[in-house]
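Under the numbering used here, residues 5 to 121 are what the sequence shown spells out, in order.
Positions of the beta carbon are idealized from the N, C-alpha and C atoms, including for glycine.
Note that this is a predicted model, so its numbers are computed, not measured.
What follows is one structure encoded as structure tokens, with my remarks underneath.
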Amino acid sequence: MKKISILIVVLIAVFLLVGCQTSNQQNKGWQEWDSLTPSQRTTAEEITNVIGPCPCNQCSLTLTDCTCDHPQGALEIKTAIAEDIKSGKSKDDILEGLKEKYKLGDLEEAPELDISK
Ligand SMILES: [Zn+2]
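Here it is in structure tokens:
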């Protein structure tokens, strides 16, 4: 039985190592976001929920769901949010900073989709 548990531990270790390398190569930029604690992640998702649609203007997803790496897209903004949260900024400060930097307009009202386009 001992051998089996050692084997399982080794397999998990190999799996984790391979998984880390793959995600580092494919999603190098997601380290900041992925390293948030669960409570920091909750705060971060509250912020992305307020922002609403992904600001890259190329996706039809909400920022919370989007994982694009477009300019001003999910990767860029979520990384900025993660960095701000880790540096101890408040939710309001982070939103203010993002509004200014990405010209997100008034986030108090949920933006409506322009269906006339
Ligand atoms: Zn996007």
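{"Item": "Throw me the rounded Cβ distance for the Cys63 and Pro75 pair, which I believe falls under 8 Å.", "Value": "Their Cβ separation, rounded to whole angstroms, is 12 Å, which puts Cys63 and Pro75 out of contact at 8 Å."}
{"Item": "Quick one: Cα of Ile89 to Cα of Lys95, how far?", "Value": "8 Å"}
{"Item": "Quick test of your reading: Ala48 and Ala78, contact by CB under 8 Å. State the CB separation rounded to the nearest angstrom.", "Value": "No, Ala48 and Ala78 are not in contact; Cβ-Cβ is about 12 Å, not under 8 Å."}
{"Item": "Using CA coordinates, which residue listed in Thr52, Lys7, Cys72 and Asn53 is at the minimum distance from Gly33?", "Value": "Cys72"}
{"Item": "For the candidate residues Lys93, Ile55 and Ala84, whose alpha-carbon lies nearest to that of Gly109?", "Value": "Ile55"}
{"Item": "Given the structure, does Ala84 come close to ligand 1, in the sense that its CB is under 6 Å from one of the ligand's heavy atoms?", "Value": "no"}
{"Item": "From the DSSP secondary-structure annotation, give me the bridge partner or partners of Thr47.", "Value": "According to DSSP, Thr47 bridges with nothing at all."}
{"Item": "Return the CA-CA distance between Asn28 and Lys107, expressed in angstroms with no decimal places.", "Value": "Its pLDDT being 44, under 50, Asn28 is placed unreliably by the model, and nothing is read from it."}
{"Item": "Of the choices Lys6, Glu80 and Lys103, whose alpha-carbon is the least far from that of Trp37?", "Value": "Glu80"}
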